[in-house]
Amino acid sequence: MANMAQAIRMALHYAEENLGVTDVFGEDVGPPLGGVFTATQGLKTAWNSPLDERGIIGCAIGLALAGQRPVAEIQFCDYIFNTIDLLKIAGNTHWASNGDWNVPMVVRTPVGSGIRGSLYHSHSFDATMTHIPGWKVVMPSTPLDAYGLLLSACQDLNPVMVLEPKALLRLKGEEPIPGEPGDDRALSKMIDAPLGDRSKWKPQWPALEPYTVPIGKAKRVREGTDLTVVTYGRTLPLSVKAADALVAEGVSTEVIDLRSIWPYDWEMLRESIRKTGRVLYVNEDTEVTNFGEHLVRRTVEELFYELLAPPRLLAGKFVPGIGLADPLEMASVPQQGDITEAIRGLAREKP
Amino acid sequence: MTETASRRGRPALVKEPLPLEKALLVRMHDLMVEARVLEERLIQMYRQGHGYFWIGGPGEEAFNVALGLLMRKGQGLDFDYLHPHYRQSGTMMALGEDPIGALRQMKNAASDPYSGGRNFAGHFTKWEWNIVPVNSPIEVQYVMAPGTALAQKRHGGEGITIVTGGDAGTAEGDFASCLVWSSRPGSELPILIIVTHNQWGISTPASTQQGPKSIADRGKAFGMKTRTIDGNDAIGSYLALQEIIGYVRKERKPFLLEANVSRLYGHSSASGANFVNAEQDCIAVLESKLEAHGVLAREEMDAVRARWTEEIAAKARSVRDEPLPEASDIWKHVYREPR
């Protein structure tokens, strides 16, 4: 099965062939490198930009205003922070112009910890991004969802931010991308750029088929009855593992992959929380004014009398950075042990 | 010199002709007066409590009208994209925009065609003419303009991108980004980068903040053609813009143009919006030339002003009682829905 980086690449190939994507661009996105995570290798519309994040977002806005379909990349979300007022403009242009213009652009950026990235390759961006209205924000945790969400993003009439959990980019999926060959080595040979001289290399794309994950729809990845865990990105597979481990202790955990952070699938969350009466929100952005706090508030305001325990949030520590040394990173963002402990505690809590 | 002379009395008739056709000169004058009268009416509306804030372009009419007259107006890549700043009313009038739109925006009426009562005066937009929405941050248009220019470069044809801003905004990194992205070797863009230099950033003189003798010189390091012109000279601005726009259209290369202009009512209503006597008035400059060359008589020019004053006052009266947006309108246009 394809890994997430390959799935993104195949989605962008499908999008430039079939959905009118005109530009896949950013720092080191074009040949020879094809992206620091290889996500843009071999794409016909991929090009290298100057090392200028404001220039990248500004150019994407301009391309979108001119009727193009850009997919811009910010190499690491740690470097997107100096573009925030431009992201606000991309998000407010339709509203500010009273519907005169719209900005159909996609921005992809790798987020989160898990590669020992220290202060400037470990940031999350979901908390900040969900403070910017007018955007849609998605975050896949499987290759197939990455493919499906990107295909949706590339057809949307509004700006869409695709947050790519960098810890999962190399992880192979459990479900095939429609059209990918069954053999991983065959796929690699077809679409992975060779090491060394790539000047004559051309990818051989499989006959990919359309598959979309609608923006705004979550996925129940594990059924359970005692409590609900809602998460996305790197902490999704960790939550599933934690839930599996707790079966031995008699805890039945439902796990929901939010996938689409804004807009989000409140219907699915509400239904699950009503069933279990307990909910734990997990993400790795810093915990103060975290998006999970919004979900906790909504849960309290709308479902208070149906809850068996207070809704909980497990998120990153509110410290200025993620330190390089193993104990520092482990202590800064939720790990499997933290999630297990949080589920265990919540499951035992009685009204 | 001529300006002072014209104020004192009728100058002697000059024999050699002006370098533009009479019909064009008369039209330019008419549009400049229209834009000026509009701005003065907007200021008056602000003073009378019919709007919260005024910002606009009195003092830039000579340059901005010439620009609007030379733009290729329409929607899509074959036409010119304008990434304007908030002193661009002269350009909008020259393109043929009805001044009532600006009055409605000043009144923040629901009928405001640019923002539905959401944005400040002078914040124009018009998708059908490729006029990108004005944003209040004074630099961001410079970093977006390369995007439309890149699309036009690929498309071919003669459509170009024009971006305008003030001198103070060139201190922002986005101006440098614009120079970098417009001149990538082998990917030079069909873009006219304009700085209207009024010597001020609100209250701060440019001379105390910026070292370069000329902002246009900054383009030279990027291999682009540059020029500094007198933006208060309507005829000179028209001729320079005609040549420069022609260059960008045909050669598909960037050009950095600096136009020295006046700021005749200060930065905005926040600084009082009072007329500034110490700065040159581009309309007076043109009128003295038109009179000296026998293109228009004083009485004719006074009649132009009287006509616009009456017409725009009537439009302002008609706007006065138009309804404001509804509270529920805040939810409109958060997202573009598929049609």
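From first to last, the protein sequence lines stand for chains A and B.
The working numbering puts the first sequence at residues 7 to 357.
The working numbering puts the second sequence at residues 86 to 424.
Where is the CB? At the ideal position from N, CA and C, for every residue including glycine.
Exposed unless 16 or more other CB atoms sit within 10 angstroms - verdict on residue i
| i | result |
| --- | --- |
| ARG15 of chain A | buried |
| ARG189 of chain B | buried |
| PHE87 of chain A | exposed |
| SER292 of chain B | exposed |
| ALA399 of chain B | exposed |
| SER413 of chain B | exposed |
| THR89 of chain B | With a pLDDT of only 47 at THR89 of chain B, under the threshold of 50, the placement of this residue in the model should not be trusted, and no figure is reported. |
| GLN341 of chain A | buried |
| ILE287 of chain B | exposed |
| THR295 of chain A | exposed |
| GLN294 of chain B | exposed |
| ARG354 of chain A | exposed |
| PHE260 of chain B | buried |
| TYR137 of chain B | exposed |
| TYR311 of chain A | exposed |
Which listed residue (the options) has its alpha carbon closest to that of residue i
| i | options | result |
| --- | --- | --- |
| LEU98 of chain B | B:LEU375, B:ARG402, B:PRO408 | B:LEU375 |
| ARG60 of chain A | B:HIS418, B:CYS263, B:GLU145 | B:CYS263 |
| ILE80 of chain A | A:GLY73, A:ASP162, A:MET167, A:THR99 | A:MET167 |
| ALA173 of chain A | A:VAL257, A:GLY185, A:ALA353, A:ASN9 | A:ASN9 |
| PHE297 of chain A | A:ALA78, A:VAL236, A:LYS225, A:HIS100 | A:VAL236 |
| ARG280 of chain A | A:LEU314, A:ALA192, A:ASP151 | A:LEU314 |
| PRO165 of chain A | A:SER147, A:PRO243, A:PRO76, A:GLY118 | A:PRO76 |
| LEU244 of chain A | A:ASP344, A:GLY351, A:VAL35 | A:ASP344 |
| VAL49 of chain A | A:LEU25, A:HIS19, A:LYS247, A:PRO38 | Looking at the sequence shown, residue 49 of chain A is not Val but Leu. Cα-wise, what sits closest to LEU49 of chain A is A:HIS19. |
| LEU127 of chain B | B:ILE140, B:VAL118, B:ASP115 | B:ILE140 |
| GLY308 of chain B | B:PRO339, B:GLY254, B:ILE278, B:ALA253 | B:PRO339 |
| VAL285 of chain A | A:TYR270, A:THR231, A:LYS247 | A:THR231 |
| PRO146 of chain A | A:ARG204, A:GLU273, A:GLY118, A:LEU214 | A:GLY118 |
| TRP141 of chain A | A:ILE328, A:GLU308, A:PRO269, A:LEU301 | A:PRO269 |
| PRO184 of chain B | B:PRO408, B:GLY161, B:ARG402 | B:ARG402 |
| ARG114 of chain A | A:PRO139, A:ARG122, A:ALA78 | A:ALA78 |
| HIS127 of chain A | A:ASP34, A:LEU163, A:PHE82, A:LEU169 | A:PHE82 |
Within-7 angstroms CB hit, residue i to chain A
| i | result |
| --- | --- |
| VAL248 of chain B | no |
| GLY232 of chain B | yes |
| GLY201 of chain B | yes |
| ASN283 of chain B | no |
| THR87 of chain B | Interpretation of THR87 of chain B is limited by its pLDDT of 47, a score under 50 that renders its predicted location unreliable; no figure is taken from the coordinates. |
| SER262 of chain B | yes |
| ALA236 of chain B | yes |
| ALA214 of chain B | Looking at the sequence provided, one finds Trp at residue 214 of chain B rather than Ala. Closer than 7 angstroms: no. |
| VAL228 of chain B | yes |
| PRO184 of chain B | no |
| VAL427 of chain B | No answer is possible for residue 427 of chain B: it lies beyond the span of chain B, which begins at 86 and ends at 424. |
| ASN204 of chain B | yes |
| ASN220 of chain B | yes |
| VAL28 of chain B | Residue 28 of chain B is absent from the structure shown; chain B starts at 86 and stops at 424. |
| THR210 of chain B | yes |
| VAL217 of chain B | yes |
| TRP266 of chain B | yes |
Neighbour flag for residue i against chain B, beta carbons, 7 angstroms
| i | result |
| --- | --- |
| GLN81 of chain A | no |
| SER103 of chain A | yes |
| PRO165 of chain A | no |
| GLN6 of chain A | Residue 6 of chain A falls outside the range modelled here, since chain A spans only 7 to 357, and no answer is possible. |
| GLN74 of chain A | yes |
Counting pairs of beta carbons, one from the stretch 329–341 of chain A and one from the stretch 337–351 of chain B, are three or more of them closer than 8 angstroms? no
At a cut of 8 angstroms, does the stretch 171–178 of chain A reach the stretch 197–210 of chain A through at least three beta carbon pairs? no
Cβ contact check for the stretch 233–244 of chain B and the stretch 193–210 of chain B: 3 or more pairs under 8 angstroms: Cβ pair count under 8 angstroms is below three, so no.
Below 8 angstroms, how does it come out for the stretch 42–52 of chain A and the stretch 88–100 of chain A: are there three or more Cβ pairs, yes or no? no
Are the stretch 97–106 of chain A and the stretch 402–420 of chain B in contact at 8 angstroms, needing three or more beta carbon pairs? yes
Using a Cβ-Cβ cut-off of less than 8 angstroms, list which residues of the stretch 394–423 of chain B approach chain A; keep chain order. If you check each beta-carbon in the stretch 394–423 of chain B against every beta-carbon of chain A, the ones closer than 8 angstroms belong to LYS417, HIS418, VAL419, TYR420, ARG421, GLU422, PRO423.
So does the stretch 280–293 of chain A actually touch the stretch 312–325 of chain A, counting three or more Cβ pairs closer than 8 angstroms? yes
The stretch 145–159 of chain B in contact with the stretch 319–333 of chain B per 3-pair CB rule at 8 angstroms: yes
Against chain B: residues of the stretch 89–120 of chain A by CB proximity under 7 angstroms: ASP91, LEU92, ILE95, THR99, HIS100, TRP101, ALA102, SER103, ASN104, GLY105, ASP106, TRP107, ASN108
At a Cβ cut of 9 angstroms, what residues of the stretch 43–71 of chain A count as close to chain B, listed as they run along the chain? TRP53, SER55, PRO56, ASP58, ARG60, GLY61, ILE63, GLY64, CYS65, ALA66, ILE67, GLY68, LEU69, ALA70, LEU71
Using a beta-carbon distance cut-off of less than 8 angstroms, what residues from the stretch 149–167 of chain B approach chain A? For the stretch 149–167 of chain B, residues whose beta-carbon sits nearer than 8 angstroms to a beta-carbon of chain A comprise GLY161, LEU162, TYR166.
Taking 8 angstroms as the threshold, find out whether the stretch 49–64 of chain A comes into contact with the stretch 214–225 of chain A through three or more Cβ pairs. With a cut-off of 8 angstroms, the stretch 214–225 of chain A and the stretch 49–64 of chain A do not count as touching, because too few Cβ pairs lie within range.
Evaluate contact between the stretch 133–140 of chain A and the stretch 185–203 of chain A, counting only Cβ atoms and requiring at least three cross-stretch pairs below 8 angstroms. no
Note down, in chain order, all residues in the stretch 136–150 of chain A with a beta-carbon under 7 angstroms from any beta-carbon belonging to chain B. Listed by position, the residues of the stretch 136–150 of chain A near chain B (Cβ gap below 7 angstroms) are PRO139, GLY140.
Check whether the stretch 119–138 of chain B touches the stretch 178–189 of chain B, counting contact only when three or more Cβ pairs, one atom from each stretch, lie closer than 8 angstroms. yes
Do the stretch 382–401 of chain B and the stretch 106–123 of chain B touch if we need at least three Cβ pairs shorter than 8 angstroms? yes
Sufficient close CB pairs (3 or more, under 8 angstroms) joining the stretch 273–282 of chain B to the stretch 249–261 of chain B: yes
Counting Cβ pairs, one atom from each stretch, are 3 or more of them under 8 angstroms apart for the stretch 296–307 of chain B and the stretch 352–371 of chain B? Not touching, per the Cβ criterion.
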